[in-house]
Amino acid sequence: MKQMKITALLLAAALMLGSCGTMNYTAKGGAIGAGSGTAAGAIIGGLIGKGKGAAIGAAVGAAVGAGTGVIIGRKMDQKAAKAAEIEGAQVEQVTDTNGLPAVKVSFADGILFDFNSTTLSNESKARLRELAEILRDDTTTDIAIIGHTDKAGTYEVNMKFSKNRAYAVENYLQDCGVSPAQFKQVTGVGYNEYDESLTAAENRRVDIYMYASEEMIQQAEAQN
């Protein structure tokens, strides 16, 4: 019975992923919430990440309904639209471990850092200041920052660079007024997260995730 349940959840996840390709965050939030809840949401998050994303999501410990997903999806629509206006930002739809819509903002290494450096350029700081305005606007948004690396040099050296770049971004966003309490995960990843579809320079990047905190989920549930 358990095997059948897992298979059914995987099938539901596959069907939703196939049908949500052109949906905005609002519609996707409703579709995922209506069909799953926490268990299937974790499966969907894993399928979308395929080892290249972050396991993000508040530990709510309960299924999240469709109405809640729609409300949070609407919030993520607004955040994604604002983030897309930042020069050099690449904005993607992702799904957190609760099956809720989230936003990933990526900056390539060439935008954020000089080669072999963890020091933010003035241009990078200007772009991060714009992102900080979005993050400050809603303190119920949780944040994860993941630094990535290329394959040049030793694993240990690259891990140090990816982590320190993530910390540099976190520190500057806090300098710009983003609450330290919003940062739930700040780390770097190594060769195991290298994306062969990208160039080495594109792999030297920092990904910033915006997703629903437990407080945001509770507020959305209270509106249903």
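Quick note on the working numbering: the sequence shown kicks off at 394 and runs consecutively.
Where a beta carbon is used, it is the ideal one built from N, C-alpha and C, also for glycine.
Quantities reported herein were computed from a predicted structural model and do not represent experimental measurements.
Starting from the Cα of ILE538, find the closest Cα among GLU526, ASP531, VAL496 and give me that residue.
VAL496
Tell whether a beta-carbon distance below 7 Å holds between ILE464 and ALA615.
No, Cβ-Cβ distance for ILE464 and ALA615 is not below 7 Å.
Out of GLU563, ASN585, LYS468, GLU607, which has the shortest C-alpha to C-alpha gap to ASN601?
Per the sequence shown, the amino acid found at residue 601 is Ile instead of Asn. Among GLU563, ASN585, LYS468, GLU607, the Cα nearest to that of ILE601 is on GLU563.
Whose C-beta lies closer than 6 Å to the C-beta of THR511 among residues of the same chain, with five residues either side of it excluded?
ASN557, ARG558, ALA561
Straight-line gap, PHE508 to ALA545 (C-alpha atoms, nearest Å):
12 Å
Which listed residue (ALA574, PHE506, THR533) has its alpha carbon closest to that of GLU595
PHE506
Assuming ILE527 and LYS577 are in contact, meaning their beta carbons sit under 8 Å apart, how far apart are those beta carbons, in whole angstroms?
That belief does not hold up - the Cβ atoms of ILE527 and LYS577 are roughly 17 Å apart, past 8 Å.
Cut-off 8 Å between Cβ atoms - residues of its own chain near TYR548, not counting five sequence neighbours on either side:
GLY583, TYR584
Length of the line joining the Cα atoms of ASN491 and GLU480:
30 Å
List the endpoints of the continuous alpha helix (DSSP H) containing ASP568.
548–568
Taking GLN483 as part of the alpha helix (DSSP H), name the residues at either end of that continuous run.
Taken as a continuous stretch (DSSP letters only), GLN483 belongs to no alpha helix (DSSP H), being part of the beta strand (DSSP E) at 483–488.
Enumerate in chain order the residues of its own chain whose CB-to-CB distance from THR431 is below 8 Å, with the five nearest sequence positions on each side excluded.
Here the model assigns THR431 a pLDDT of 33, short of 50, so the residue's position is not dependable, and the following value carries that caveat. Excluding sequence neighbours, THR431 sits near VAL453, GLY454, ALA455, ALA456, VAL457, THR490, ASN491, GLY492.
Rounding to the nearest angstrom, what Cα-Cα distance links PRO494 and ALA447 in this structure?
13 Å
Roughly how many angstroms lie between the CA atoms of ASP543 and GLU485, to the nearest whole one?
21 Å
Check GLY540 in the structure and name its three-state DSSP category.
strand
Closest by C-alpha distance to SER606, when choosing among ALA525, ASP588, LYS475, ILE536:
Ranking the options by Cα distance to SER606, first place goes to ILE536.
Spatial neighbours of SER517 within its chain, please: CB distance less than 6 Å, with the 5 preceding and 5 following residues excluded, ordered by chain position.
LEU505
Same chain, Cβ closer than 6 Å to THR534, five either side skipped, listed in chain order
MET603
Contact under 7 Å by Cβ, PHE500 with VAL599
yes
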